[in-house]
Amino acid sequence: MNRLDDLAAEGEPEKEFNPGIAARFQRKTAAGGALIRDRAGRILFLEPTYKPTLDIPGGIVEADESPYEACCREVQEEIGLALDIGRLLVVDWVPAHGPWSDSLAFIFDGGILDDPALTLDPTEARAHHYLTLADASPRLRPSMARRLALAQRALTTGTTTYADFGRPV
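My numbering numbers the first residue of the sequence shown as 9 and each following residue consecutively.
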C-alpha cells in the first residue's frame, strides 16, 4: 500500500469539536540525519555553508514528509548519493534555543561507504571529512556530540535510543 491508500483506510478525519483548535496547537520541527561511516568507522561530516559547526548529512522535514523520507532526500541533495538508509538509531528531543523552536532529531543508519566520489551541493556544504567522533567533537555542538555517541552505541547494541537533548532517558 502507499500513503494515499493508508490515509483512505483511516476514514474521514475526526471533526473538531472546537473549530480551529488544531491550528492553535504548537508545532515542532523535525529533522532526519544519516550516520554514514567509512570502513575505519569514521563518521562522514559536512562543513555547512550556513552555520559554523560540522553536521551529518540530513536536514529539516518538509510538510507531509516523514523524518525517514527527509533523511533520504537530504542525503541525496547534499552528497549526491541515493543511499539505502537503514534503521532508526536515535530520536532526540532538542529544546527551543534562540530563534529555533523545539524539535525532534532522528538519526538513521546511513551505512558504510567505500570512498565513493561525493558530489556536494555547494549551497549546502563547502567540504566533507571522515572523522572520529573525538576528533570532530571540538567542532560540534555538545548536544550533537552526545547524540552521535548514542547513535554509535545504537549501532553496536542494536537498540534504538530516545534522548532529551542528547541524554538518554
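Idealized CB from N, CA, C, for every residue including glycine.
Close CB contacts of arginine 95 within its chain, under the 6 Å cut and outside five residues either way in sequence, are with Asp117 (chain order). Contact annotation: the region 97 to 107 touches the region 157 to 168, with at least three C-beta pairs closer than 8 Å. Just so you know, the alpha carbons of glutamate 86 and tryptophan 101 end up roughly 24 Å apart. Taken through DSSP and simplified to helix, strand or coil, isoleucine 87 comes out as helix. A distance below 8 Å separates the beta carbons of aspartate 63 and proline 56. Comparing alpha-carbon positions, the option among Ala90, Cys79 and Met152 lying closest to proline 124 turns out to be Ala90.
Of Thr37, Arg11 and Glu20, the smallest CA-CA separation from leucine 112 is found for Thr37.
By the neighbour-count criterion, in which a residue is buried when 16 or more other Cβ atoms sit within 10 angstroms of its Cβ, proline 146 is exposed. Under the three-state reduction of DSSP output, glutamate 82 falls in the helix class. For the 8 Å CB-CB criterion, glycine 49 and glycine 66 do not form a contact. For glutamate 24, no beta strand (DSSP E) run applies, since DSSP gives it neither H nor E. In this structure, isoleucine 44 lies near leucine 121, with their beta-carbon atoms less than 8 Å apart.
Proline 130 and proline 107 have their C-alpha atoms spaced approximately 25 Å apart. Alanine 135 counts as exposed, since fewer than 16 other beta carbons sit within 10 angstroms of its beta carbon. Here the C-alpha atom of threonine 169 lies approximately 30 Å from the C-alpha atom of alanine 30. Shortest Cα-Cα distance from leucine 126 to any of Ser109, Gly88, Ala104 and Leu139 involves Gly88. Annotation for proline 75: Ala38, Gly40, Val69 and Phe114 place their beta carbon closer than 6 Å to its own, counting only its chain and skipping 5 residues before and after. When beta bridges are read from the DSSP output, serine 74 appears opposite no residue.
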